[in-house]
Amino acid sequence: MKSLYDRALDHLEARDYDEAEATLKEYLSKNPTDAMAYNKLGVALAKKLHRNEAKQCFKEALNHDSRLVHALNNLGNVAREEGDLEQAVAYYQKAIHINPDYSLPHNNLSVVYKQLHRYGDFICEIKTAKRLENKKALNPKEQTFTSWLKELWSKRRK
Numbered sequence: 001m002k003s004l005y006d007r008a009l010d011h012l013e014a015r016d017y018d019e020a021e022a023t024l025k026e027y028l029s030k031n032p033t034d035a036m037a038y039n040k041l042g043v044a045l046a047k048k049l050h051r052n053e054a055k056q057c058f059k060e061a062l063n064h065d066s067r068l069v070h071a072l073n074n075l076g077n078v079a080r081e082e083g084d085l086e087q088a089v090a091y092y093q094k095a096i097h098i099n100p101d102y103s104l105p106h107n108n109l110s111v112v113y114k115q116l117h118r119y120g121d122f123i124c125e126i127k128t129a130k131r132l133e134n135k136k137a138l139n140p141k142e143q144t145f146t147s148w149l150k151e152l153w154s155k156r157r158k
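With the UniProt record's numbering, letter number 59 in the sequence shown gets 59, and the count goes up by one each step, no holes.
Following this line, the structure appears as C-alpha cells:
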C-alpha cells in the first residue's frame with residue numbers, strides 16, 4: 001500500500017491538483033516539518049493559480065530546510081509569473097548557489113535573462129542548463145551524495 005505522501009505525488013503527476021492538495025494537507029497534519037511536502041503542496045496550489053498560497057508553502061518549506069533548491073526555484077517561477085523578474089533572478093541565483101549542478105534554475109534563469117534582454121547572461125545560463133541536462137542523460141546512474149541522501153530519506157518515509 002502506498003504512503004499518503006506517495007499518493008499525493010501520484011495525484012500531482014496525474015494533474016489532479018485538488019486531490020494532491022487535500023492529500024498533502026492531510027500528510028502535513030501528521031508530518032508538519034516535512035519541507036518537501038510543503039514544496040509539493042505549493043506546486044499543487046501554483047498549478048491551481050493560487051499563487052499567494054503557493055508562495056506561503058514554498059516559504060514554509062524553506063523555514064524547515066533553508067537549502068531546499070526546489071522551493072527556491074518554485075518561488076522564482078511564481079515571481080516570474082507575477083512579472084517580478086528581478087525577484088525571480090534572486091531566487092534562481094540562490095538556488096544555483098546552493099546546488100550549481102541542478103539544471104532547472106539555470107534554465108529558468110536563462111528565460112528571465114532573455115526577458116530582461118540580458119542576452120550574454122541568457123546564453124551562458126542556457127548553455128549551463130543544457131550541459132547539466134546532457135551530463136545527467138549520459139550518466140543517469142551517476143549518483144551525487146545529495147541524491148543518495150534524498151533516495152535514502154525517501155526509502156525511510158515508506
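Glycine included, C-beta positions come from ideal geometry on N, C-alpha and C.
Model, not experiment: these values are computed from the prediction.
C-alpha gap between residue i and residue j, whole angstroms
i, j, result
"residue 72", "residue 30", "24 Å"
"residue 17", "residue 8", "9 Å"
"residue 4", "residue 118", "44 Å"
"residue 99", "residue 43", "20 Å"
"residue 26", "residue 129", "36 Å"
Check whether residue i and residue j have beta carbons under 7 Å apart
i, j, result
"residue 95", "residue 112", "no"
"residue 110", "residue 122", "yes"
"residue 61", "residue 78", "no"
Residue range of the alpha helix (DSSP H) that includes residue i
i, result
"residue 23", "17 to 30"
"residue 59", "51 to 64"
"residue 74", "69 to 81"
"residue 100", "Taken as a continuous stretch (DSSP letters only), residue 100 belongs to no alpha helix (DSSP H), as it is neither H nor E."
"residue 117", "Taken as a continuous stretch (DSSP letters only), residue 117 belongs to no alpha helix (DSSP H), as it is neither H nor E."
"residue 6", "4 to 13"
"residue 1", "Per DSSP, residue 1 belongs to no alpha helix (DSSP H) and is neither H nor E."
"residue 40", "35 to 47"
Supposed contact pair residue j and residue i - C-beta distance, whole angstroms, cut 8 Å
i, j, result
"residue 41", "residue 24", "4 Å"
"residue 106", "residue 125", "5 Å"
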